[in-house]
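One structure is given below, encoded as structure tokens.
In full-length UniProt numbering, the protein residues as written are 1 to 88.
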């Protein structure tokens, strides 16, 4: 996860039940209390997918998104690093 947005996308995916791409974007905008530019958001999703951290699947009119096992592991490592760093 090379950016805060990518990290936040992963956190949001992990926290939603049956997340869709549009649902993740809405949840981030609610959290940020600000609009997330579509190009920026989709760039983050594309980057995470190319890194093997998330995967997308079509479900009718919805595009589902989920963390891969690699993505879950990377997210746990990120939080361990943050926890260790902030504990000092």
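Even for Gly, the Cβ is constructed at its ideal location relative to N, Cα and C.
Exclusion of the five residues before and after residue 63 leaves 20, 21, 56 as the residues of its chain whose Cβ lies within less than 7 Å of its Cβ. Only residues of its own chain outside the window of five on either side were considered, and among them 1, 6, 9, 10, 54, 71 have a CB closer than 8 Å to the CB of residue 48, listed in chain order. For residue 66, the beta-bridge partners assigned by DSSP are 55. Distances from the alpha-carbon of residue 4 to those of 18, 17, 36, 52 put 36 closest. Of the candidates 81, 15, 32, 25, the residue whose Cα lies closest to the Cα of residue 44 is 25.
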